[in-house]
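Quick note: the sequence shown, position 34, residue 33 per numbering that gives the first Met the number 0, numbers continuous.
All C-beta atoms, glycine included, are put in the ideal place defined by N, C-alpha and C.
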Amino acid sequence: MTGKLVDPTDRYHRGDFPEQRQEWPGLQRDMEPVPDCGEASYVGTGRLTGRHALVTGGDSGIGRAAAIAFAREGARVAINYHPREQPDADDLAQVFARDGQELVRLPGDVTDAAFCAGLVDEAREKLGGLDLLVINAGYQQARESIEDISDEQFDRTMKTNLYAMFWLAKRAVGSMPAGSAIIITASVNSFNPSDDLLDYATSKGGIEIFTKGLAKQLAPRGIRVNAVAPGPVWTALQISGGQSEEGARKFGQDTPIGRAGQPVELAGLYVTLAESGTSFTTGSIFGANGGSL
Ligand code: NAD
Ligand code: MG
């Protein structure tokens, strides 16, 4: 980043997105345009040197942008992702390798409680510690009516967005040293539900309260808990059932900034919430939504 002025309105893709749809969970390498996670642009200055980070959903989108930024700020990074996303994870490993860094890849399904516990332990072991946990994996499928939401979908949304968060945090906190940070990815849906995202918005509302409650519990131990609440950001989740066809084509155009966000535009928030410069900030939710709430 430089001090050069950048106009946010025309920084990235504006207007309709090309027609595209993928099977869940989707690969961002096959998207058009490919989301910008900072591969070619994020420049670090050592703000997280010596830190050890686990990022769920780190293969693509917002999690990938956080992973790249953390690594370029000097942290050791492990990511989790669904096994079907191995190609995106491998692409990211190459980005790390070009930077002279190693990406620890820990694939597996976070809707499984035992897997989540093992994931935390393995990340701590492979990284040599764990003081930064980003709980970011999410499941979102648009349905016009409550009558179209199957029990299976409702269950998967809650397991991914709420249960996994609980399982991961529960396993991690006991061994996180004072000064550690937990960052959870919430949503504008945490406060203002989209009418076709009822189950998703319900889970994201839960994330807001979990963040605030866990922050109160962990503050005396010196562990901070905050959340980032994105608005429309161009990622694989959106073209793999997260939006209707129309919603995906027009994605983000109704924000005051007039376009969808790109994952790299959120990376700075994750870094800021991770570093000790925000040591008095806990239990707070930070927006990145182009002006729409
Ligand atoms: P993304 O598809 O790039 O990332 C989501 C990730 O979740 C996937 O890469 C996958 O690795 C992970 N995941 C989902 N189910 C999983 C499972 N069962 N096991 C393991 N991993 C699983 O999309 P994204 O938009 O970057 O999503 C990241 C977070 O941002 C999500 O929590 C999402 O709800 C949130 N969010 C996104 C937007 C947006 O507009 N893109 C807006 C608000 C909130
Ligand atoms: Mg992915």
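For residue 11, the Cβ stays outside the 7 angstroms cut-off from all heavy atoms of ligand 1.
By the neighbour-count definition (other C-beta atoms within 10 Å, threshold 16), residue 188 is a buried residue. CA-CA distance, residue 275 to residue 31, rounds to 37 angstroms. By the Cβ criterion, the segment 207 to 216 is in contact with the segment 175 to 190, since at least three pairs of Cβ atoms, one from each stretch, lie closer than 8 angstroms.
Annotation: the continuous beta strand (DSSP E) that includes residue 106 extends over 102 to 106. Less than 8 angstroms separates the beta-carbon of residue 52 from that of residue 131. In the DSSP assignment, the residues bridged to residue 285 are 227. Taking each of 89, 135, 220, 249 in turn and checking the Cα distance to residue 161, the smallest one comes out for 135.
In this structure, residue 261 sits away from residue 41, with a CB-CB distance that is not shorter than 8 angstroms. By the Cβ-count criterion, residue 144 is exposed, with fewer than 16 other Cβ atoms from all chains shown falling within 10 Å of its own Cβ.
Under the DSSP definition of a beta bridge, residue 269 lacks any partner. Note that the C-beta distance between residue 58 and residue 38 is not below 8 angstroms. Annotated three-state conformation of residue 66 is helix, per DSSP. In the DSSP assignment, residue 44 falls outside any alpha helix (DSSP H), carrying neither H nor E.
When beta bridges are read from the DSSP output, residue 182 appears opposite 133, 225. Distance from the C-beta of residue 27 to the nearest heavy atom of ligand 2 is below 7 angstroms. Look at the beta carbons and you see the segment 115 to 130 not touching the segment 18 to 36: under three pairs across the two are nearer than 8 angstroms. If you compare the alpha carbons of 4, 28, 22, 61 with that of residue 267, the shortest gap goes to 61.
The residues 211, 214, in chain order, have a CB closer than 6 angstroms to that of residue 282 in the same chain once the five nearest residues on each side in sequence are set aside.
Residue pairing by DSSP places residue 51 opposite 75 in a beta bridge.
With a cut-off of 8 angstroms on Cβ pairs, the segment 158 to 175 is not in contact with the segment 83 to 101, counting fewer than three such pairs. Taking the CA atoms as reference points, residue 278 sits about 44 angstroms from residue 147. In this structure, DSSP gives residue 80 an extended state, which the three-state scheme calls strand.
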